[in-house]
Structure formats: C-alpha cells, structure tokens
Amino acid sequence: MITITFNGAVNVDNIDLYDEIFNGQRQNPNGCQIRGTFFMSHKYSNYAAVQELHRKGHEIAVFSLTHKDDPKYWTGGSYDDWLAEMAGGRLIIERFANITDGSIIGM
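To convert, count from 1 in the sequence shown and add 4; that's my numbering.
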C-alpha cells in the first residue's frame with residue numbers, strides 16, 4: 005500500500021500540482037481512483053480549495069495550529085496544550101472549509 009500525504013497550506017502555490025497528481029488517470033490496483041491525505045495548516049490556506057479536495061474524496065487531517073518544530077514544546081507540553089493544537093485545528097478546518105461530516109482527523 006502506498007500513502008500519498010501532503011503537509012501545509014492548500015493554496016494557489018500547490019493546487020495545480022494536486023490537480024495534476026489526482027487527475028483521474030491513476031488508479032489503485034482495485035480500480036479506484038487514488039486519493040491523498042492533506043495534513044492542513046491554517047495559515048495561508050484557501051478553504052474553498054480544501055472543501056473541494058474533501059468533496060473529491062481526499063482525507064483532510066490536522067497537523068497542528070502552530071507547527072512548532074521544537075521537540076521540547078511537544079514533550080514538555082501538557083495534555084491541554086496538545087488538545088488545543090489538535091482539536092483547535094480541527095475546529096478551524098471544519099468551520100472555514102465547511103466540512104461538517106466529522107471526518108477531520110488528527111496527526
């Protein structure tokens with residue numbers, strides 16, 4: 005099994021690439037179209053494009069709100085810190101992309 009994932013904002017800088025990759029010409033061995041998982045960044049995202057990716061069957065996921073890359077932030081943080089990063093990101097994506105089916109997942 006191959007998993008195609010993307011991390012960061014969905015916007016004018018990359019949506020054409022996603023359209024090219026997921027152009028309907030590639031299929032899984034079972035004949036289904038390939039899909040990707042998009043670990044979303046709130047900053048700079050075009051939520052209409054995110055909503056369209058979701059409508060086309062791609063998985064939309066939460067990376068984190070702040071994208072802090074200092075391991076000390078994550079290892080030293082509390083449960084509430086982690087929850088704010090993940091649940092907060094999910095709520096923002098659901099609201100701005102109007103994804104109301106409960107399908108947004110965490111990291």
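For glycine and all other residues, C-beta sits at the position ideal for the given N, C-alpha and C.
Given the structure is predicted, the values throughout are model-derived calculations rather than measurements.
- Secondary structure note for VAL54: it is in no beta strand (DSSP E), and the uninterrupted alpha helix (DSSP H) holding it is 51-59.
- Residue range 63-66 is occupied by the beta strand (DSSP E) that includes ILE64.
- Annotated three-state conformation of PHE26 is coil, per DSSP.
- With fewer than 16 other Cβ atoms from the protein chains shown falling within 10 Å of its own Cβ, SER82 counts as exposed.
- Per DSSP, the continuous beta strand (DSSP E) segment holding GLY12 begins and ends at 9-12.
- Note on ALA101: 16 or more other CB atoms within 10 angstroms of its CB, so buried under the neighbour-count rule.
- The beta carbons of HIS62 and PHE42 sit about 6 Å from each other, so the pair counts as a contact at 8 Å.
- Per DSSP, THR79 is one residue of the alpha helix (DSSP H) stretching across 75-80.
- Leaving aside the five residues that flank ASN11 on each side, the residues in its chain whose CB is nearer than 7 Å to its CB run, in chain order, PHE43, PHE67.
- In the DSSP secondary-structure assignment, MET90 is not bridged to any residue.
- In this structure, the straight-line span from the alpha carbon of THR9 to that of GLY40 is close to 6 Å.
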